[in-house]
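Colleague: Please find one structure pasted underneath; my questions will follow.
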Amino acid sequence: MSSDADELEVSVWRGDNASGRFEDFRVPAQENQTILDVVSWIQQHRDPTLSYRYACRVGMCGSCAMMVNGVPRWTCRTHVKVALKDNRISIGPLRNLPVIKDLATDMDPFFDKWVAAEGMHHPSRTRDDAIEQINPEDASRQEANKGIECINCSVCYAACDTVAGNDDYLGPAALQRAWTLYNDAKDAGKLNILEAVSGKGGCHNCHSQGGCSHYCPNDLNPMAAIAGLKRASALSFFKGRK
Amino acid sequence: MIRPHRTHALWYAFILHRISGVALALFLPVHFYTLALALTDPERLDGFFRWTELAVVKFAEFGLVFLLALHMFGGLRLMALEWLPWSDRQKTLAAGAAAMSFLISGVFLLRAI
Amino acid sequence: MLTVRLYMLQRITALLMAPLVLGHLAVMIYAVQGGLSAAEILGRTQGSVAWFLFYGCFVVAVSVHAAIGLRVVVHELMGLKGTLLELFTWATAAGLFLLGGRAVMAVTLS
Numbered sequence: 009m010s011s012d013a014d015e016l017e018v019s020v021w022r023g024d025n026a027s028g029r030f031e032d033f034r035v036p037a038q039e040n041q042t043i044l045d046v047v048s049w050i051q052q053h054r055d056p057t058l059s060y061r062y063a064c065r066v067g068m069c070g071s072c073a074m075m076v077n078g079v080p081r082w083t084c085r086t087h088v089k090v091a092l093k094d095n096r097i098s099i100g101p102l103r104n105l106p107v108i109k110d111l112a113t114d115m116d117p118f119f120d121k122w123v124a125a126e127g128m129h130h131p132s133r134t135r136d137d138a139i140e141q142i143n144p145e146d147a148s149r150q151e152a153n154k155g156i157e158c159i160n161c162s163v164c165y166a167a168c169d170t171v172a173g174n175d176d177y178l179g180p181a182a183l184q185r186a187w188t189l190y191n192d193a194k195d196a197g198k199l200n201i202l203e204a205v206s207g208k209g210g211c212h213n214c215h216s217q218g219g220c221s222h223y224c225p226n227d228l229n230p231m232a233a234i235a236g237l238k239r240a241s242a243l244s245f246f247k248g249r250k
Numbered sequence: 002m003i004r005p006h007r008t009h010a011l012w013y014a015f016i017l018h019r020i021s022g023v024a025l026a027l028f029l030p031v032h033f034y035t036l037a038l039a040l041t042d043p044e045r046l047d048g049f050f051r052w053t054e055l056a057v058v059k060f061a062e063f064g065l066v067f068l069l070a071l072h073m074f075g076g077l078r079l080m081a082l083e084w085l086p087w088s089d090r091q092k093t094l095a096a097g098a099a100a101m102s103f104l105i106s107g108v109f110l111l112r113a114i
Numbered sequence: 107m108l109t110v111r112l113y114m115l116q117r118i119t120a121l122l123m124a125p126l127v128l129g130h131l132a133v134m135i136y137a138v139q140g141g142l143s144a145a146e147i148l149g150r151t152q153g154s155v156a157w158f159l160f161y162g163c164f165v166v167a168v169s170v171h172a173a174i175g176l177r178v179v180v181h182e183l184m185g186l187k188g189t190l191l192e193l194f195t196w197a198t199a200a201g202l203f204l205l206g207g208r209a210v211m212a213v214t215l216s
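Sequence order for the protein chains is A, B and C. Basically the working numbering = 1-based index in the first sequence + 8. Basically the working numbering = 1-based index in the second sequence + 1. Basically the working numbering = 1-based index in the third sequence + 106.
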């Protein structure tokens, strides 16, 4: 294991959407060290102008994802030892999103698509009605449960080649959210959801490459959720609803 | 083309499906054109068939049969993934599709030579 | 660049073609031994309504299927969109249908 070396060789992307390059740094190696620790060390000890984003540092907030040696990762929970290749690490901004500066990407397209996929609650009752009782054993509840641990980190969005090739494509996270709500008994927007995911950027553009499910740090399976949307929309198509 | 984020099994299944699909679509006009010679110029069609007796052409035919079988089995796998209840055995199914395609095109090659 | 409509067309033609491809593979494996000849093919197919329907369905399905498939590829890899993408899709479908239809006529009409 090459992490026995005293220092790590780290290249960090510097620049914005228009131009930039990788800048090399030597960072002291520690026994326990995450990629986010490495980035923070550079910012604190070598270059205070390095821009990056993080908040919780424990894998809950979804703000620190970056490309590490070419693959998308949540950097606060990625140990250096996992990602290190020949004592080197390259750290870049998330793929498929505009770069604001250095390692900070503009997440607007990601969240705009979340909304475009109807990834918001469509109430079925008012505040005056009794709260609906949900059976946790119910099949649709179980299906919805599979997607609720998404932290919106955009790792799946950065891993997806369909997002890279098709500007309109809503992407794995937004579509998984749509599928979760579709299965939620308390959501009254099933038809809105199916319509939103059936357009030119909808779930039918997915090629089932499975990068989303392969890289999801929370072990969710957006590919299966998108397959669920395809199945639901195909059934709806046969029933002549659309 | 094969970058770090594209090294998982299902990405290879995708790229094989895409390459086979594009290759078959490009081959089809040639296929249709030569078959139409049966009506317009049977002599030339038989001349073409004599050309296909060459070992190198036989091997190219094996490749085409492999791509056709691969695209069909791979496509059936995708439709099963999309429309049947979810299965976690996608890697196995993709490998099975490739194996079946190899088997069928292998039988074709053995019959052809 | 697929809507639900194009997706369903793509999948329905695929399902239709699965048995046709299996049949085509079987015929190829059967017919390739001992070499091919125009007379052998025409002897099997000429004047046969069954082969006309078999290959006719095949050509219609593959024209639609390949046009939609290539549409996605040129959009994702070359950025073709809008009217140009629609033209490309229709031209591919029409071209394959015409060439394929001509080939089916050539080998099945007596």
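The C-beta atom is built at its ideal place from N, Cα and C for all residues, glycine as well.
#1: With distance defined between alpha-carbon atoms, name the residue in LEU105(A), PHE118(A), ALA235(A) nearest to TRP87(B).
#2: Skipping 5 residues on each side, what residues in its chain have a beta carbon closer than 7 Å to that of GLY207(C)?
#3: Distance check for HIS129(A) and GLY207(A), CA to CA, integer angstroms please.
#4: Assuming VAL163(A) and TYR223(A) are in contact, meaning their beta carbons sit under 8 Å apart, how far apart are those beta carbons, in whole angstroms?
#5: Cutting at 6 Å between CB atoms, please list the residues of its own chain near TRP49(A), excluding the five before and the five after it.
#6: Following the continuous alpha helix (DSSP H) through GLY175(C), name the residue where it begins and the one where it ends.
#7: Judging by CA-CA distance, which residue of ARG22(A), SER27(A), SER221(A), ARG65(A) is the nearest neighbour of ILE43(A)?
#8: So that I know if they touch, is there some Cβ in chain B lying closer than 8 Å to that of LYS238(A)?
#9: At a Cβ threshold of 8 Å, is PRO43(B) touching chain A?
#10: If we ignore side chains and look at the alpha-carbon of each, how far apart do VAL23(B) and LEU176(C) end up?
#11: So, does the CB of HIS6(B) fall closer than 8 Å to a CB anywhere in chain A?
#12: Interface residues of chain C around SER216(A) at Cβ under 9 Å?
#13: In or out: LEU46(B) buried (at least 16 other Cβ within 10 Å) or exposed?
#14: With a threshold of 8 Å, are at least 3 pairs of Cβ atoms found where one atom belongs to the stretch 55-65 of chain B and the other to the stretch 193-212 of chain A?
#15: Short check: CB of ALA96(B) to CB of GLY75(B), under 8 Å?
#16: Assuming the contact rule is C-beta atoms closer than 8 Å, VAL47(A) and THR83(A) should be a hit. Round their C-beta distance to whole Å, please.
#17: If we ignore side chains and look at the alpha-carbon of each, how far apart do TRP196(C) and ALA173(C) end up?
#18: Closest by CA to LEU17(B), which one among LEU69(B), THR35(B), LYS59(B), PHE33(B)?
#19: Would you mind telling me which residues of chain B sit closer than 7 Å to MET134(C), beta carbon to beta carbon, in chain order?
#20: What distance in whole Å lies between the Cβ atoms of THR188(A) and GLY155(A), which are believed to be in contact at a cut-off of 8 Å?
#21: For CYS161(A), I'd like the list of residues in its chain whose CB is within less than 6 Å of its CB, leaving aside the five on either flank, ordered along the chain.
#22: Measuring straight from C-alpha to C-alpha, what distance separates VAL155(C) and ALA144(C)?
#23: By the three-class DSSP mapping on this structure, what secondary structure does ALA14(B) have?
#24: Using 8 Å as the threshold, is the stretch 177-194 of chain A in touch with the stretch 119-135 of chain A, meaning 3 or more CB pairs across them?
#25: Determine the DSSP secondary structure at ASP120(A), reduced to helix, strand or coil.
#26: I'd like the span of the beta strand (DSSP E) that includes MET75(A), first residue to last.
#27: Between the C-alpha atoms of ALA240(A) and MET114(C), what's the straight-line distance to the nearest angstrom?
#28: Residue range of the beta strand (DSSP E) that VAL107(A) falls in?
#29: Taking ASN174(A) as the query, report the chain C residues whose CB atoms sit under 8 Å from its CB, ordered along the chain.
#30: Exposed or buried, what is PHE103(B) when buried is set at 16 or more other beta-carbons lying within 10 Å of its beta-carbon?
#31: Quick one: what does DSSP say ALA37(B) is sitting in, helix, strand or coil?
#32: Tell me the rounded alpha-carbon separation between SER10(A) and ASN40(A).
#33: Ends of the alpha helix (DSSP H) at ASP45(A)?
Modeller: Answer, in terms of the structure:
#1: For the purposes of this step, residue 87(B) is identified with residue 86 of the second sequence, where counting begins at 1. It is ALA235(A) whose Cα lies nearest to the Cα of TRP87(B).
#2: Taking the first residue of the third sequence as position 1, residue 207(C) is located at position 101. Cβ within range, chain order: VAL165.
#3: Mapped onto the first sequence, residue 207(A) falls at position 199. Mapped onto the first sequence, residue 129(A) falls at position 121. C-alpha separation (whole angstroms): 20 Å.
#4: Here residue 163(A) is taken as the residue at index 155 of the first sequence, counted from 1. Here residue 223(A) is taken as the residue at index 215 of the first sequence, counted from 1. That pair is a contact at about 5 Å.
#5: By 1-based counting over the first sequence, the position of residue 49(A) is 41. The residues are VAL35.
#6: By 1-based counting over the third sequence, the position of residue 175(C) is 69. It spans 155-184 - the alpha helix (DSSP H) in which GLY175(C) sits, taken as one unbroken run.
#7: In the first sequence, residue 43(A) corresponds to position 35, counting from 1. Selected option, being the one with the closest Cα: ARG65(A).
#8: As a first step, residue 238(A) must be located in the first sequence, where it is residue number 230. Yes, its Cβ sits closer than 8 Å to a Cβ of chain B.
#9: Locating residue 43(B) in the second sequence gives position 42, counting from the first residue. Closer than 8 Å: no.
#10: Translated into positions along the second sequence, residue 23(B) becomes position 22. Translated into positions along the third sequence, residue 176(C) becomes position 70. Rounded to whole angstroms, VAL23(B) to LEU176(C) spans 7 Å at the Cα level.
#11: What you label residue 6(B) is simply residue 5 of the second sequence in a count that begins at 1. By this cut-off, HIS6(B) is an interface position.
#12: Locating residue 216(A) in the first sequence gives position 208, counting from the first residue. Under the 9 Å cutoff, chain C gives no residues; its nearest Cβ is about 13 Å from SER216(A).
#13: Translated into positions along the second sequence, residue 46(B) becomes position 45. Label assigned to LEU46(B): buried.
#14: no
#15: The residue given as residue 96(B) occupies position 95 in the second sequence. The residue given as residue 75(B) occupies position 74 in the second sequence. No, Cβ-Cβ distance for ALA96(B) and GLY75(B) is not below 8 Å.
#16: As a first step, residue 47(A) must be located in the first sequence, where it is residue number 39. As a first step, residue 83(A) must be located in the first sequence, where it is residue number 75. The pair is a contact, with the Cβ atoms about 7 Å apart (cut-off 8 Å).
#17: For the purposes of this step, residue 196(C) is taken as the residue at position 90 of the third sequence. For the purposes of this step, residue 173(C) is taken as the residue at position 67 of the third sequence. TRP196(C) and ALA173(C): Cα-Cα distance of roughly 7 Å.
#18: Within the second sequence, residue 17(B) is the residue found at index 16, counting from 1. Considering only alpha carbons, the answer is LEU69(B).
#19: Taking the third sequence and counting its residues from 1, one reaches residue 134(C) at position 28. Chain B residues near MET134(C): VAL66, PHE109.
#20: For the purposes of this step, residue 155(A) is taken as the residue at position 147 of the first sequence. For the purposes of this step, residue 188(A) is taken as the residue at position 180 of the first sequence. Between THR188(A) and GLY155(A) the Cβ distance is about 4 Å, and since that is below 8 Å, they are a contact.
#21: Within the first sequence, residue 161(A) is the residue found at index 153, counting from 1. For CYS161(A), where only same-chain residues beyond five positions count, the Cβ hits under 6 Å are GLY70, ALA73, TRP82.
#22: Here the question's residue 155(C) lines up with position 49 in the third sequence. Here the question's residue 144(C) lines up with position 38 in the third sequence. Answer to the nearest angstrom: the Cα atoms are 19 Å apart.
#23: Here residue 14(B) refers to the residue found at position 13 when the second sequence is read from its first residue. Looking at ALA14(B) - three-state DSSP - the assignment turns out to be helix.
#24: yes
#25: Translated into positions along the first sequence, residue 120(A) becomes position 112. Reduced to three states, the DSSP call for ASP120(A) is helix.
#26: On the first sequence, position 67 is the one that residue 75(A) refers to. First-last of the beta strand (DSSP E) with MET75(A): 73-76.
#27: Position 232 of the first sequence holds residue 240(A). Position 8 of the third sequence holds residue 114(C). Looking at the two C-alpha atoms, the distance is approximately 12 Å.
#28: Along the first sequence, one-based indexing puts residue 107(A) at 99. Run containing VAL107(A): 107-109, per the beta strand (DSSP E) assignment.
#29: Position 166 of the first sequence holds residue 174(A). Correct list: MET107, HIS181, GLU182.
#30: Mapped onto the second sequence, residue 103(B) falls at position 102. Flag for PHE103(B) reads exposed.
#31: Reading the second sequence from its first residue, position 36 is the one you call residue 37(B). Looking at ALA37(B) - three-state DSSP - the assignment turns out to be helix.
#32: The sequence position of residue 10(A) within the first sequence is 2, counting from 1. The sequence position of residue 40(A) within the first sequence is 32, counting from 1. Model confidence at SER10(A) stands at a pLDDT of 45, short of 50, so the residue's coordinates are unreliable; what they give is reported in the following sentence. Cα to Cα, the separation comes out at about 14 Å.
#33: Stepping through the first sequence from its first residue, residue 45(A) is reached at position 37. Element bounds for ASP45(A): 43-53.
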